[in-house]
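In terms of the numbering used here, the sequence shown has 260 at position 264, counting the first letter as 1, and numbering is strictly consecutive.
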Amino acid sequence: MNEYSPPIQDIEFLLNEVVGFKEICGFPDCHEFSSNLVSTILNEGGKFASEILAPLNQLGDREGSRLKDNTVVTPPGWKEAYQKFVAAGWPTLLADPKYGGQGLPRVIGVAIQEMWDAANMAFGLCPMLTQTAAELISFQGTVDQKKLYLANLVSGKWTGTMNLTEPQAGSDLSAIQTKATRGSKGDYLIRGQKIFITYGDHDLTKNIIHLVLARVPDAPAGVKGISLFIVPKFLTTPNGEITERNDIRTVSIEEKMGIHGSPTAVLSYGDNQGATGFLLGEENRGLEYMFIMMNMARHAVGIESYAIADRAYQSALRFSSERVQGKDANGESTQQISIDQHPDVARMLLEMNCRIGAMRSLSLYVASEQDRAHFNPDQKKRQQHRAIVDILIPIVKGWSSEISNNVVGQALQVFGGIGFIEETGIAQFYRDARITTIYEGTSGIQAGDLVRRKLLIDDGKMIQILINLIKDDIVNTSNYTKSLQLSEICRSMHDGVTHLEKATEWIQASSSRDPRLPLAGSFPYLMLWGTVTGGWLMMRSAYAAIKKLQKDLTNEYYQEKLLTTRCYMQYVLPQCTSYSVAIEMGSELVIEQH
């Protein structure tokens, strides 16, 4: 079950035909990113995933990480794989060239990250967090901080973490109690305990740079009194030479349901003299800064979600083609057949595939919008692209993680009883996927963010702009009259976006009646948004495939793309109706019961 086939053809199809990578390459700073270069990068990334990371996946799950002599030891092979990862230059993909990065568009980084996560989700968490830590320091760090930390993080020589919550706080960061006392040299002494720290300690690198939320003594109460600090595991000279261990202790690592290879640490700061930390940005603006990192991490969880779903789907597809059981339902033969030929198994496989395609499309689209927000020379357009990203991030995270768990569950179902046995490997995917709906903000938190901070905050103006963009795309696509199948797809999408518009209007109106109503309907609203936007991009895939088929009617790949979209429209998009009912009627019941 260590086999993994990187979906490079699907990724390249989406880049070139659906999310507009060619447009991004047309921006002044992107001319060098040719299709050939990108294809080479994708193939090499896929090769690293399948040949180096995938073989370690089950071993990492079985052995896990362990705490020994106040240091976490990662599973066998982890350290060697990380050294190869760094030697190949993979940590540098997206970073600014002035800090040793390659400056590639984010959409390429997202495509590569999927393959690493699918091959070995527990391993992929480490470079993902390091990348987000480096980006945050690049936004808010001083000149000296950038000089000291960025080159080391970008190269992969050091890794990064984010330290948010504490035992008493959970998702309510206003309740954190970690203290930061001002020192005499412009530094701070940090004291407190942090939990759920992914890769909070390990043996992969010589230093770990923790980004820690804490309160200065005179800070305002609540979230407005939180500051952000750089707290390295080892203190260094200004040139990065390690001097002594900071006052940080790994209390324990968690025994988790899944992602066993990834060490999730409980860290204690300042048991003795206090851990030395350095303020990042201004005091009392820490949560504002941390959201830069959190939004990147939330997108990353969306990537993990469809990555692990695709890995589970591939396993189910392989197993079902090899498992011979039962006879064909048409009664024409007495021969036993592989179970993928049984209609219900075929249904599950088709449904899994179309959901994965929708999740991947939405994630790559968001990444392409991030690139437009960064590279587009038109400042006004940059703002609109950035606003679209802000709307879609909670959907990519929340909807994708929920759908991922459904898909992985279906994959296990294809295995039947043998899937419940750990040896097959599918049970690991089921356990690994479960965290995605929880960390970096639960699905309910993502839904609340979508409703309160994206819809109600500006009277829904940006939400309506995005809805209109989808509607215009449906109209333009429906004008292509050479395909009845495409016309049916557009009609389905019209129905879906109509449900979305009506639900949006209801939530806006309900907020004045009872401020609890929008939150009561926020989860089905999130799922409705994901279903519609996923369908929108699947429609684009079908349109591109149909145009390709006009030139090559027998091309099986494009036929499969069209079939997958039709499946989405018939199996997935009709759920918009039930989500709409849950929003408008179910919300009232929730408040009535509450």
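The C-beta atom is built at its ideal place from N, Cα and C for all residues, glycine as well.
The stretch 166 to 175 makes contact with the stretch 210 to 220: 3 or more CB pairs, one atom from each, lie closer than 8 Å.
In this structure residue 90 does not touch residue 29 by the C-beta definition: roughly 12 Å separates them, more than the 8 Å allowed. Shown here, residue 145 sits in a helix according to DSSP, grouped into three states.
Residue 274 carries a strand assignment under DSSP once its states are collapsed to helix, strand and coil.
DSSP places residue 225 in the uninterrupted beta strand (DSSP E) bounded by 223 to 228. The criterion of a C-beta distance shorter than 8 Å is not satisfied by residue 400 and residue 513. The residue among 250, 234, 227 with its C-alpha nearest the C-alpha of residue 241 is 227.
Counting other Cβ atoms within 10 Å of its Cβ, residue 375 stays below 16 and is therefore classed as exposed.
The Cβ atoms of residue 137 and residue 276 sit closer than 8 Å to each other. A straight line joining the alpha-carbon of residue 155 with that of residue 35 spans about 28 Å. Ranked by Cα distance from residue 318, the options 337, 271, 327 are led by 337. Residue 440 sits in a helix when the DSSP states are folded into three classes. At least 8 Å separates the beta-carbon of residue 533 from that of residue 481. Residue environment analysis places residue 549 among the exposed positions, since fewer than 16 neighbouring C-beta atoms fall within 10 angstroms of its C-beta. Cβ contact annotation for residue 162 (same chain, cutoff 8 Å, sequence separation greater than five): 171, 172, 173, 174, 188, 189, 190, 191, in chain order. By a beta-carbon distance limit of 8 Å, residue 203 contacts residue 230. Their separation comes to about 5 Å. Each residue's CA atom was taken as its position, placing residue 579 and residue 503 some 8 Å apart. Secondary structure of residue 253 (DSSP, three-state): coil. Sequence-distant partners of residue 373 (beyond 5 residues in either direction) whose C-beta falls short of 8 Å from its own C-beta, in its chain, are 23, 24. Runs of the alpha helix (DSSP H) spanning 4 or more residues and lying entirely within the stretch 55 to 122 occur at 74 to 83, 102 to 115, in chain order. For residue 338, the secondary structure class from DSSP, reduced to helix, strand or coil, is coil. Taking 8 Å as the cut-off, the beta carbon of residue 416 is found no closer than this to the beta carbon of residue 257. Burial of residue 432 is indicated by the presence of at least 16 other C-beta atoms within 10 angstroms of its C-beta. Going by C-alpha positions, residue 528 is about 22 Å away from residue 555. Apart from sequence neighbours up to five positions away, the residues of its chain that approach residue 2 with a beta-carbon distance below 7 Å are 42, 45, 46, 111, ordered along the chain. Sequence-distant partners of residue 430 (beyond 5 residues in either direction) whose C-beta falls short of 7 Å from its own C-beta, in its chain, are 253, 254, 401.
Counting the other Cβ atoms within 10 Å of the Cβ of residue 79 gives fewer than 16, which makes it exposed. Annotation for residue 169: 160, 161, 209, 219, 222, 283 place their beta carbon closer than 8 Å to its own, counting only its chain and skipping 5 residues before and after. Residue 180 has its alpha-carbon roughly 53 Å from the corresponding atom of residue 506. Within 10 angstroms of the beta-carbon of residue 327 lie fewer than 16 other beta-carbons, which makes it exposed. Following the DSSP letters along the chain, one finds residue 526 inside the alpha helix (DSSP H) bounded by residues 518 to 547. With respect to the 8 Å criterion, residue 49 and residue 77 are classified as neighbours on the basis of their beta carbons.
Looking at 348, 491, 545, the one whose alpha-carbon comes closest to that of residue 574 is 491.
Taking the Cβ atoms as the reference, residue 305 lies roughly 13 Å from residue 410, outside the contact range of under 8 Å. Note on geometry: alpha-carbon atoms of residue 362 and residue 388 lie some 7 Å from one another. Under the DSSP assignment, residue 44 falls outside any beta strand (DSSP E), being part of the alpha helix (DSSP H) whose first and last residues are 31 to 44.
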